[in-house]
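One structure below.
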Amino acid sequence: QVQLEESGGGTVQAGDSLRLTCSTFGPTFSINAMAWFRQAPGKDRELVAANSRSSGNTVYADSVKGRFTLSRDNSKTMLFLQMDSLKPEDTAVYYCATGQYLGAYGYWGQGTQVTVSS
Numbered sequence: 483q484v485q486l487e488e489s490g491g492g493t494v495q496a497g498d499s500l501r502l503t504c505s506t507f508g509p510t511f512s513i514n515a516m517a518w519f520r521q522a523p524g525k526d527r528e529l530v531a532a533n534s535r536s537s538g539n540t541v542y543a544d545s546v547k548g549r550f551t552l553s554r555d556n557s558k559t560m561l562f563l564q565m566d567s568l569k570p571e572d573t574a575v576y577y578c579a580t581g582q583y584l585g586a587y588g589y590w591g592q593g594t595q596v597t598v599s600s
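Going by the numbering used here, the first residue of the sequence shown is number 483, and it counts up by one from there.
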């Protein structure tokens with residue numbers, strides 16, 4: 483079973499940057515799509531960015547385009563989210579997820595808190 487572990491969260495000020503890392507463990511040969519989601523207090527979980535290894539496609543939420551950059555390591559089993567120009571509305575718990583294709587995520591991490599103060 484694939485296990486995911488997020489790291490890199492923290493508390494920063496508006497305009498600062500953070501880099502989140504998602505490490506995967508287990509049968510990573512099955513990993514194709516990887517994504518970051520986030521959930522702010524009182525709100526639904528939303529997709530931040532996702533990548534498909536097979537198609538090479540990367541998608542971003544409109545709210546983060548131009549500020550966040552998604553990348554994977556050469557083995558395609560680690561996922562990174564470079565977050566620049568952070569805003570208070572980016573405050574949320576960020577979750578890593580993997581699956582066989584974009585939109586179908588069967589494995590989730592425990593999440594890492596990102597707090598952006600104004």
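By construction, the Cβ of each residue, glycine as well, lies at the ideal position given by its N, Cα and C atoms.
Checklist line | Pairwise C-alpha distance: T551 and S567 | finding: 11 Å
Notebook entry, point to check: Mind pulling the beta strand (DSSP E) runs of 3 or more residues that sit fully within the region 537–582?
Noted result: 540–542, 550–554, 560–565, 574–581
Note to self: Is there a C-beta anywhere in chain B that falls below 8 Å from the one on N533?
What the structure shows: Structure shown: chain B not included; a single protein chain is present.
Item checked: DSSP beta-bridge partners of N533 -> M516, T540
Next item on the list: Below 8 Å on the Cβ atoms is my guess for L486 versus Y583; work out the distance and round it to an integer in Å.
Entry: Their Cβ separation, rounded to whole angstroms, is 17 Å, which puts L486 and Y583 out of contact at 8 Å.
Next item on the list: Using the Cα positions of C504 and K525, report the straight-line distance between them to the nearest angstrom.
Entry: 23 Å
Check: Thinking C-alpha only, which one of V484, S553, V575, A515 is nearest E528?
Finding: V575
Notebook entry, point to check: Roughly how many angstroms separate the alpha carbons of A586 and D544, rounded to a whole number?
Noted result: 20 Å
Notebook entry, point to check: Going straight from the alpha carbon of S600 to that of Q564, what length do you get?
Noted result: 20 Å
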